[in-house]
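Protein sequences, first through last, are from chains A and B.
For the first sequence, position 103 matches number 103 in my numbering, and the numbering has no gaps at all.
Remember, my numbering sits 1000 above the position in the second sequence when you count from 1.
Down below is the structure, laid out as C-alpha cells.
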Amino acid sequence: MKPIPSILALALLLSPAQLLAQSAGESDEGEVQVIGTVTPICVLGEPSDSIIDLGTMIDLSGPRVGRIASIAPRTVTMPNSFCNYSNTMISINAGALVEQGGAPVNTGFSRAVNYSVSVTPWATSEAQLQTSAAADGSGAPGTANSSSQPLPQISNLTMELSGFTAPSDALLVAGDYSGLIVVTLGPSIED
Amino acid sequence: MKRIIGISALALAGALASQPVLAQSAPAEGEVTIIGTVADRCLFTLPSKLIDLGELSLPGTDGNAGKLDTGQVNGASETLEGWCNGTAATMTVEAFPIENTSFTATPPSGFDRVVNFTATATANSVDGTDDSESAGAGTPVAVGMFAGPIPVVLSGASTPGGGLLVAGDYQGLVKVTLTPNTSFGQPD
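Here is the structure:
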C-alpha cells in the first residue's frame, strides 16, 4: 500500500502562492432587484354633505319680505383629500342657484341667487369663485383655480358657501332653486 | 592439471552462487507523489433576478387609498441559483429599501417615499434574513456544501409613517453573498 501523506506534510509541499489562493476563497454575490410603481392620483375625501339645502331663502315678514334673507354660510368638508404627486390644483366650477320653472320674470323679480364659494386649504392662492347670474337666471357657470401646489399634499378640505345675494336685491320668484358646484382636484394647468 | 581445473570449478561455483544473493538484498523503488487542490469557492450560476411589484399603493377612495398595498410586496419572490464546495460556507443577506427614485426630497407630512421589508434567502434549507430598515447586512448563516436554487422572498412590508405613497418609480435591492470556508490555510 502506498503511504498517504498527512495533511501537514501536504501543506509543507505547497508553495506560499498556493496557500494564499486557498485562504482567499472566492465568494460570490447575487442580486434580486425589486421595482414597483405608484400611479399619480388625486382623491377627494367623501363630502360631509352631497346636498346643501338652504331651506326658505326669503324673509317671510318684515321690511325685506319676499327678498333674500340673511343666509348663514354653509360648509362641506372633504377630509383626507390628497394628491400623491407635485404641481396640483383645485378647480371649482359653480353656477348660481336658479329657479327651475324657467318662466320669464317681470322687472323687479329674480329667479337667481348668487353666492361665493371657496375650497381651502390647498395652495398659496386658494380657489375662490363668485357666481354672477342675471335676474333671469342666465349666465354660464364660472370657473376658478387655486395656484399650483408644488408638493404632494394631503388636506382636510373645506368648501364654504357664503354671501348669498339676488341680482339687484330683487324679489325672488317662488319655486325650487338649485345649482351645482363641481370641485376637481388634479394636475395644475401651469404644467 | 587436475588441481588447476578444480580451482577453476570452485571459482565458477562461487561466482554463480554470488548472483542470487545480490538481487535479493537491494530492490530499488521510486515514487511520484501526485497532489492537487480545489479552492474553497462559492458561485452564483444565476446571479441576477428582477421582482416587479407593479402598483404599490391601494386603489379606491376610502381611508386607505393611496397607502401601501402590502399584498403587492409580501410573498413576492424570485430564485437565484448557485453553489458552494466547502462544508463551512456561509450566506449573508442584505436588503435595501424600496425607494422612490423620481421623488428624492423629504416628503411632506402624511406621505412616505420608502417601503421597508424583510428579505429571506434560503440555501441548502437554511434561511438568511435581513430587514431593510436597519442598515447593513443580516447575520451570516452556515449553509455548507450545496448546489441548487436560492429563493428570495419578501415579507413584512411597511412604510416609515404609514402614510400615503408619493407617486413615482420605486426601486429596492436584495443582495445575497455566498462566502466559502476561508479558515483553511489562514495564518494563525
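Beta carbons: idealized from backbone N, C-alpha and C, even for Gly.
ask   = Which term fits G1163 of chain B, buried or exposed, when burial requires 16 or more other beta carbons within 10 angstroms of its beta carbon?
value = buried
P152 of chain A at chain B interface by Cβ criterion, 8 Å = yes
ask   = Which residues in the same chain as A174 of chain A place their Cβ atom closer than 7 Å to its Cβ, once the five residues preceding and following it in sequence are excluded?
value = none
ask   = The alpha helix (DSSP H) spanning R38 of chain A covers which residue range?
value = It is worth fixing the name first, because residue 38 of chain A is Val in this sequence and not Arg. Unbroken run through V38 of chain A is the beta strand (DSSP E), 28-38; no alpha helix (DSSP H).
key: Proximal residues of chain A, C-beta to C-beta of P1047 of chain B below 8 Å   = D28, E29, G30, E31
message = Give me the DSSP bridge partner(s) of I1051 of chain B.
response = A:V34
C-beta neighbour in chain B for N80 of chain A, strict 8 Å = yes
request  = Grab me the residues of F1146 of chain B's own chain with a C-beta within less than 8 Å of its C-beta, minus the 5 sequence neighbours each way, in chain order.
outcome  = W1083, C1084, A1089, A1123, N1124
task = Quick one: which residues of the stretch 1130-1146 of chain B get their C-beta closer than 9 Å to a C-beta of chain A? List them in chain order.
result = none
message = Judging by CA-CA distance, which residue of A:P104, A:A112, A:I58, A:T107 is the nearest neighbour of V98 of chain A?
response = A:A112
ask   = Is the beta carbon of Q130 of chain A less than 8 Å from the beta carbon of S116 of chain A?
value = yes
message = If I follow the unbroken alpha helix (DSSP H) through V1038 of chain B, where does it start and stop?
response = Element bounds for V1038 of chain B: n/a, residue is neither H nor E.
inquiry  = So for Q100 of chain A, helix, strand or coil by DSSP?
reply    = coil
key: Cβ neighbours of L1043 of chain B in the same chain (closer than 7 Å, five flanking residues each side left out)   = G1082, W1083
query = Could you give the C-beta distance for V1152 of chain B and E1078 of chain B, rounded to a whole number, given that I count them as a contact under 8 Å?
reply = 6 Å
Backbone CA spacing between I90 of chain A and F109 of chain A [nearest angstrom] = 35 Å
request  = Could you tell me the distance, in whole angstroms, from the CA atom of T143 of chain A to the CA atom of A127 of chain A?
outcome  = 9 Å
inquiry  = Measuring alpha carbon to alpha carbon, tell me which residue in A:S168, A:A123, A:S132 is nearest P150 of chain A.
reply    = A:A123
request  = Can you give me the start and stop residues for the alpha helix (DSSP H) that V1073 of chain B sits inside?
outcome  = 1070-1073
key: Coarse secondary structure for S1025 of chain B, derived from DSSP in three states   = helix
message = In the DSSP assignment, the beta strand (DSSP E) including S1155 of chain B goes from what residue to what residue?
response = 1146-1158
inquiry  = Taking 7 Å as the limit between beta carbons, can you name the residues of its chain near N84 of chain A, skipping five residues before and five after?
reply    = V38, P40, I41, P152
inquiry  = Helix, strand or coil, according to DSSP, for S132 of chain A in the structure here?
reply    = coil
query = Does DSSP put P187 of chain A in a helix, in a strand, or in coil?
reply = strand
task = Name, going along the chain, the residues of the stretch 41-60 of chain A whose beta-carbon falls closer than 9 Å to a beta-carbon of chain B.
result = I41, V43, L44, G45, E46
task = Measure the C-alpha to C-alpha separation of P5 of chain A and D1040 of chain B and round it to an integer number of angstroms.
result = Unreliable placement is indicated for P5 of chain A, whose pLDDT of 33 sits below 50; the coordinate value is still reported in the next sentence. One C-alpha to the other measures close to 21 Å.
key: Cβ-Cβ distance between V76 of chain A and D53 of chain A below 8 Å   = no
inquiry  = Going by the DSSP bridge assignment, what does S110 of chain A pair with across the sheet?
reply    = A:L172
ask   = Whose C-alpha, out of A:A72, A:G66, A:P79, A:A96, is nearest the C-alpha of G1063 of chain B?
value = A:P79
T1179 of chain B at chain A interface by Cβ criterion, 8 Å = yes
inquiry  = Within 8 Å of any Cβ in chain B, is that where the Cβ of V38 of chain A sits?
reply    = yes
inquiry  = Less than 8 Å between CB atoms is the rule here; does Y115 of chain A satisfy it with respect to chain B?
reply    = no
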